[in-house]
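Below: one structure, written as structure tokens.
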Amino acid sequence: MPLPMGHAAIGLAFYEFSSNNNDALSRFKIFIFITILANLPDFDVIVGLLIKWNGNAFHRGPTHSMVFALIMGFIASRAWKFSSHIPRMNFGICSLIIFSHVLADFFFTSAPVSFLWPFKVNWCSGYSGWSDVLTSIFFQGFQDASIIIGSVISIILIRMIRGYSSNRYARLPIRKE
Ligand SMILES: [Zn+2]
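Under our numbering, the first residue of the sequence shown carries the number 169, and numbering increases by one thereafter.
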């Protein structure tokens, strides 16, 4: 299953794909912001642990839906108004990064997500306590290696293609009218 770094890597690849990336914002702030957005749907694990002592209690419900990605994407796109530390990203990109989490869960795991909540919801079954969750985050991250490598390769390819096309335009002679 994709874990926090895997989701962050996929989110970064989506960001790279969908933005021009030429702004003056600090790269570190963007990285942190994307990591938070890409992992936002799994906030339901923390809620389950705090309320029911079971990380699966509310897992893969409303937070793993299109509606959640759109609402939280909208809030995230306005969050820069509240703190100068929060990068300014548009609604579409924020929603896409959040939704990349749901897509990754859907494609890389066998348990269903709740794309169509509130019309249809698929809760995660079973039990996952604090130690299970912490162990998977800190000691099973290597399972995401292939996802992270795939995301890095995607980012490099996108940059190469962008670099190639911008260099090509830069080399074109300026026509004097
Ligand atoms: Zn998830």
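Glycine included, each C-beta is placed from N, C-alpha and C at the ideal position.
Quick one: is the Cβ of residue i within less than 7 Å of any heavy atom of ligand 1?
i: M172; result: Before going further, note that residue 172 is Pro rather than Met in the sequence given. Flag unset: Cβ of P172 not near ligand 1.
i: P255; result: no
i: P209; result: yes
i: D273; result: yes
Between the options, which lies nearest to residue i when the distance is taken from Cα to Cα?
i: L205; options: F185, P255, W221; result: P255
i: P172; options: I198, I202, Y183, F182; result: I202
i: A272; options: H232, E184, F307; result: H232
i: F196; options: L180, F287, G318; result: L180
i: S299; options: G174, F185, W221, F199; result: W221
i: E184; options: G309, V289, I321, F310; result: I321
i: D312; options: V215, F276, Y332; result: F276
i: S186; options: Y332, R327, S333; result: R327
i: G350; options: A237, S278, F250; result: The chain is shown only over 169 to 345; residue 350 falls outside these bounds and no answer can be derived.
i: V289; options: S296, L325, A279; result: A279
i: V215; options: G297, I323, F306, W248; result: G297
Residues in the same chain with beta-carbon distance under 7 Å from residue i, minus the five sequence neighbours each way, listed in chain order, please.
i: D212; result: F226, H227, G229, T231
i: V301; result: V213, L217, G223
i: W285; result: G229, P230, S233, V235
i: N258; result: S245
i: I317; result: none
Near residue i, which residues of its chain fall below 6 Å by C-beta distance, leaving aside the five closest residues on each side in sequence?
i: V281; result: R228, H232, V270, D273, F274
i: W291; result: G229
i: G294; result: N224
i: Q308; result: none
Within 8 Å (strictly less), CB to CB, does residue i reach chain C?
i: A272; result: The chain labelled as chain C is not found in the depicted structure, where only one protein chain is given.
Just to confirm, are residue i and residue j a CB contact at a threshold of 8 Å?
i: I315; j: P209; result: no
i: A177; j: S304; result: no
i: N207; j: H253; result: no
i: S268; j: F182; result: yes
Quiz item: Touching or not, the stretch 233-250 and the stretch 262-272, by the rule of three or more beta carbon pairs under 8 Å?
Solution: yes
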